[in-house]
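S.K.: For reference, the structure I am asking about is given below.
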Amino acid sequence: MEAAELAGLIGVGLAAGLAGGLIGVGGGVLFVPGLVLFLSLGQLDAQATSLLAVVLVGAVGAWRQAGYGNLRLRDGIVIGVLSPLGVLAGTATANVVSERSLALSFAAVQLFFAYRLARRAIEDKGKADAPSGVANG
């Protein structure tokens with residue numbers, strides 16, 4: 000592994016870890032584009048690599064959030080048990096469609112959720128702006 004590639008991996012890992020801890024994203028949201036754009040991985044390779052990395056990020060992030068009382072264990076278990084069924088279908092499909100289609104689909108999903116989250120934040124503007132976990136009053 001070349002020094003530049005290692006530096007890129009370190010940068011993507013640190014940025015995704017910071018974002019994961021701060022705003023709850025990291026895995027596919029930052030790993031995949033970081034690996035594609037900065038390390039020139041193909042879309043499929045980036046997605047597969049991200050799936051492994053997100054296991055570690057998720058475990059550490061969930062552990063820390065549990066310490067703050069923010070973890071909804073039952074919800075996480077339900078999602079975690081059902082997700083492998085979807086990932087089996089998704090990985091099979093990802094291996095038979097073009098990388099271009101994967102990249103466009105990934106971008107479309109990112110844009111959709113970005114729009115929905117921004118819209119929700121704008122609509123919730125009237126609510127208190129106290130940091131999470133801080134009691135109002």
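Read in numbering that gives the first Met the number 0, the sequence shown has 120 at position 121, and its numbers run on one by one without any break. Each residue gets a CB set at the ideal place from its N, CA and C atoms; glycine is no exception. Fair warning: this is a prediction, and the values are worked out from it, not measured in the lab.
#1: To the nearest angstrom, report how far apart I76 and L5 are at their CA atoms.
#2: Whose C-beta lies closer than 8 Å to the C-beta of A52 among residues of the same chain, with five residues either side of it excluded?
#3: Considering Cα atoms alone, identify which of Q42, L21, A107, L43 is closest to R63.
#4: Would you grab the beta carbon distance between N94 and L43 for me? Rounded to a whole angstrom, and I think it's under 8 Å.
#5: Just to confirm my understanding: we take G41, look at its own chain, exclude 5 residues before and 5 after, and list those with CB closer than 8 Å. What are they?
M.R.: With the structure as the only source:
#1: Within the sequence shown, the letter at position 77 stands for residue 76. Within the sequence shown, the letter at position 6 stands for residue 5. Looking at the two C-alpha atoms, the distance is approximately 34 Å.
#2: Translated into the one-based positions of the sequence shown, residue 52 becomes position 53. Excluding the 5 residues flanking it on each side, A52 has same chain C-beta neighbours closer than 8 Å at G12, A15, G26, F30, in chain order.
#3: Taking the sequence shown and counting its residues from 1, the one referred to as residue 63 is at position 64. When each option's Cα is compared against that of R63, the closest is L21.
#4: Taking the sequence shown and counting its residues from 1, the one referred to as residue 94 is at position 95. Taking the sequence shown and counting its residues from 1, the one referred to as residue 43 is at position 44. The pair is a contact, with the Cβ atoms about 7 Å apart (cut-off 8 Å).
#5: Residue 41 sits at position 42 when you count from the first residue of the sequence shown. A distance below 8 Å between beta-carbons, with the five flanking residues on each side excluded, links G41 to the following residues of its chain, in chain order: V35, E98.
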